[in-house]
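Taking it in order: structure first as structure tokens, then the write-up.
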Amino acid sequence: MAASRGPPLLGFRALALALLLAILLLLGCSAPAAYAGAEGVLRQVVGRRGDDGGGGNFFEPFNVTYDHRAVLIGGKRRMLVSAGLHYPRATSEMWPSLIAKCKEGGADVIETYVFWNGHEPAKGQYYFEERFDLVKFVKLVAAEGLFLFLRIGPYACAEWNFGGFPVWLRDIPGIEFRTDNEPFKAEMQTFVTKIVTLMKEEKLYSWQGGPIILQQIENEYGNIQGNYGQAGKRYMQWAAQMAIGLDTGIPWVMCRQTDAPEEIIDTCNAFYCDGFKPNSYNKPTIWTEDWDGWYADWGGALPHRSAEDSAFAVARFYQRGGSLQNYYMYFGGTNFARTAGGPLQITSYDYDAPIDEYGILRQPKWGHLKDLHTAIKLCEPALIAVDGSPQYIKLGSMQEAHVYSTGEVHTNGSMAGNAQICSAFLANIDEHKYASVWIFGKSYSLPPWSVSILPDCENVAFNTARIGAQTSVFTVESGSPSRSSRHKPSILSLTSGGPYLSSTWWTSKETIGTWGGNNFAVQGILEHLNVTKDISDYLWYTTRVNISDADIAFWSSKGVLPSLTIDKIRDVARVFVNGKLAGSQVGHWVSLKQPIQLVEGLNELTLLSEIVGLQNYGAFLEKDGAGFRGQVTLTGLSDGDVDLTNSLWTYQVGLKGEFSMIYAPEKQGCAGWSRMQDSTMFSTPKGTDPVAIDLGSMGKGQAWVNGHLIGRYWSLVAPESGCSSSCYYPGAYNERKCQSNCGMPTQNWY
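Residue numbers (mature numbering (1 follows the signal peptide of the UniProt record, and there is no 0)): -36 to -1, 1 to 714.
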């Protein structure tokens, strides 16, 4: 997406008997009816491949084409429901269950991005293991009888670090991202070709008996194309032709690209896409990103989108001629390790999706949408039968009907005994009033902002505003594997004891400033990423300042302190004077002004720049950078201000504990741990339910379990205002509507 509720999963059936929780407090600083997509059209070959990707086909090979009405699977039009599920945002152990829940919810297709920086962390060095085992994921999708929509990009956005670009890309001489630039195009083509070749080698395209039916090149480029002028237009056309030239044998799409070439399907990304039409009559109407929730930022409230409004948007899409709709997200998951995007996006990517971050059904959203999908599938014969536009009937000032049938329907009379195929959608787009409408010889009551679906043009199978699904109740029993609700996971609170927790905390104190032999000194302020290459969130800057007795006397007489000012900082900056924390600033390219206490003689001034996710959206990403911009100045001295920008600064990448790997069980003996009270060791709770860890009492840092970085944690609190006790969903949705969690930390559970 160009564009979260709950903790990431920690406990799965693959957890070891005893888990070592090494929480790296990186400074100790506190901070404020299932429908299988292939069935009925294609014959799935059962038992020919295992989860390990053995030989044989998943399906009888089939072609994928399209016409103006729909995607054609094996030569037949289909109305398709797609579920967004990003494979690296779950552990591979979770994939089978998640895919099965997508299928049970009525999905025909699984959609995922491909994440370039996960698969090529260093130039020419590829990684397809564990959470990035793309081939295994695709084969698991196929094993469930579902299709796959592979969005190769390779720019993803997706609230993913650097939008999916590897940071080494910035260092290629003369490179400019996403424009008519030869160095960039060469690297992009190499990676896209790598993915396509891998899919062909594994026989995963539809014509090979695999599940892949659609692909995407680029991503929402139309949003920023104008920034690049004619070079942007040339690049877009090059990307399209490059993709077509890879001869994948299935259609390519470009989302939010109104000038996409004729051979590429342009598609819609938005909260509502019922008014969208592609740029050619020859292309079907596809909704690549149905934003059924939204992401969250540190220090912000949590967005929610109601089940009723999500269902309304989807029903309206199919009512008005849509053919394939993809939930972004159906399962959001977790930004494990340092994969969260920026600025300042949280570790959870729950997204208020129908399957929550733990892999548990979010009710009533999942169940309500499942009922919707069942109703749409009942309408599919009529929907695919109409070659042109459906019959349109105005039922009132804000009420309308669309009728799909194999022949002309007389809507004033009863449909009883009519042999022709007929389905109807009745919509009331009034945000406040119920409406009673007359059609097919009878009256229908329509709640505000709702759609009724009549698969036989007579009986209402589903109304988007009337929920029949159960509702989840979230309660937590800390320190125990038992749960008061089967809809949420156990919570291990690190501030309490319990049968699964040991009796001791251990702590290791972090060195401020330079700590290792790989530091270096240079005059001037260097850009953060140019130094760290994103191998760490952290970069230390240290210099020395000499203070005279005249300065001390001046401050004493005036009753003031000097201040350190930085024109602009990105994400987090911390100021240390002589080894002690003086203050911090949080923000995206905001100014810093920090009063500091200096002593006579030499003072050591240390700055710590902390990244919390690299920019993932917008033009000129390669130029955004990190760290500090502008002047670094010491103000309030007796002889005036002192510009420190071009002073001699010593640089140190990362934290000592981070590079000493004190989080790894095998490195515990080298960490210099000191004993404290409370607990860090815990045994695996019984059963196979997910486990969450409550880090709400912590400050800011990174959390590791058995040597695996589960993500950044931070106790930033959302503003008190902006949330309401209830949400009136009718009317156009936006991410600020129906927020929750005001006055609370944005994320407590991991």
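Even for Gly, the Cβ is constructed at its ideal location relative to N, Cα and C. Since this is a predicted model, take the numbers as computed values, not measurements.
**OP:** State the Cα-Cα distance for the pair S602 and I516, rounded to the nearest angstrom.
**Re:** 9 Å
**OP:** For S361, collect the residues of the same chain with a Cβ closer than 6 Å to its Cβ; drop the 5 residues on either side in sequence, then sort them by chain order.
**Re:** none
Original post:
What do you reckon, is the C-beta of Y236 under 7 Å from a heavy atom of the ligand FMN?
Top reply: Summarising the ligand content, the structure contains no ligands, and the ligand FMN is consequently not present.
**OP:** Would you check if there are 3 or more beta carbon pairs closer than 8 Å linking the segment 246 to 261 to the segment 223 to 232?
**Re:** yes
Subject >> Coarse secondary structure for G707, derived from DSSP in three states >> reply: coil
Subject >> Own chain partners of G284 with C-beta closer than 8 Å, once the 5 adjacent residues on each side are dropped >> reply: The residue asked about is misnamed: residue 284 is Arg in this sequence, not Gly. Result list for R284: D238, G239, H366, in chain order.
Original post:
Between the segment 369 to 378 and the segment 265 to 273, are three or more C-beta pairs nearer than 8 Å?
Top reply: no
**OP:** Measure how close the beta-carbons of S679 and G663 come, nearest whole angstrom, since I'm counting them as under 8 Å.
**Re:** S679 to G663, Cβ: 6 Å. Contact.
Original post:
Under the three-state reduction of DSSP, which class applies to N670: helix, strand or coil?
Top reply: coil
Original post:
Taking DSSP as the reference, what is the three-state secondary structure of I340?
Top reply: helix
Original post:
Can you tell me the Cα-Cα spacing of K87 and I136, whole angstroms?
Top reply: 10 Å
Original post:
When burial is assigned at 16 or more other CB atoms within 10 Å of the CB, is E630 buried or exposed?
Top reply: exposed
Subject >> Counterpart residues of residue 716 in DSSP-defined beta bridges >> reply: The question about residue 716 has no answer here: the residues shown for the chain are numbered -36 through 714.
Original post:
Helix or strand or just coil, what does DSSP make of R593?
Top reply: Here DSSP, grouped into helix, strand and coil, assigns R593 to strand.
Subject >> Cβ-Cβ separation, L585 to F141 (assumed contact under 8 Å), whole Å >> reply: 5 Å
**OP:** Classify W262 as helix, strand or coil using the three-state DSSP reduction.
**Re:** coil
Subject >> Spatial neighbours of L673 in its chain, beta-carbon cut-off 8 Å, leaving aside the 5 residues before and after >> reply: F300, A301, R302, Y627, Q666, A667
Original post:
Quick one: any contact between the segment 550 to 570 and the segment 94 to 108, if contact means 3 or more CB pairs under 8 Å?
Top reply: no
Original post:
Tell me the DSSP bridge mates of G665?
Top reply: Bridge partners of G665: Y677.
Subject >> CB contact flag (R280, V415, <8 Å) >> reply: yes
Subject >> contact_flag[the segment 603 to 611, the segment 484 to 498] where n(CB pairs < 8 Å) is 3 or more >> reply: yes
Original post:
So what does DSSP say about A71, is it helix, strand or coil?
Top reply: coil
Subject >> Whole-angstrom C-beta distance between E184 and A204, which should lie under 8 Å >> reply: By a beta-carbon distance limit of 8 Å, A204 does not contact E184. Their separation comes to about 15 Å.
**OP:** Could you tell me the boundaries of the alpha helix (DSSP H) in which F623 lies?
**Re:** F623 -> alpha helix (DSSP H) spans 620 to 623.
Original post:
G636 and S472 look like a contact to me (Cβ under 8 Å); what is the Cβ gap, rounded to whole Å?
Top reply: 6 Å
**OP:** Using the Cα positions of F113 and T614, report the straight-line distance between them to the nearest angstrom.
**Re:** 48 Å
**OP:** Would you kindly check if the distance between the Cβ of T506 and the Cβ of T478 is under 8 Å?
**Re:** Remark: C-beta atoms of T478 and T506 approach each other more closely than 8 Å.
**OP:** In angstroms with no decimal places, state the Cα-to-Cα distance between F295 and T710.
**Re:** 19 Å
Original post:
Taking just the CA atoms, how far does G604 sit from G481?
Top reply: 36 Å
**OP:** Can you say whether E75 is buried or exposed, counting buried as having 16 or more other CB atoms within 10 angstroms of its CB?
**Re:** buried
**OP:** Going by CA-CA distance only, name the one from Q180, K149, E166 that's closest to Y199.
**Re:** Of the residues Q180, K149, E166, the one whose Cα lies closest to the Cα of Y199 is K149.
**OP:** Locate the beta strand (DSSP E) running through M218, then write down its first and last residues.
**Re:** 216 to 219
Original post:
Which first and last residues belong to the alpha helix (DSSP H) in which T197 is found?
Top reply: For clarity, residue 197 is Lys in the given sequence; the question names Thr instead. DSSP places K197 inside the alpha helix (DSSP H), whose first and last residues are 193 to 208.
Original post:
Just the Cα atoms here: how many angstroms apart are Y677 and T55?
Top reply: For the pair Y677 and T55, the Cα-to-Cα distance works out to about 19 Å.
Original post:
Under 8 Å, do C121 and Q180 count as touching if we go by C-beta distance?
Top reply: 8 Å or more divides the Cβ of C121 from the Cβ of Q180.
Subject >> Element boundaries [alpha helix (DSSP H), containing V278] >> reply: 271 to 283
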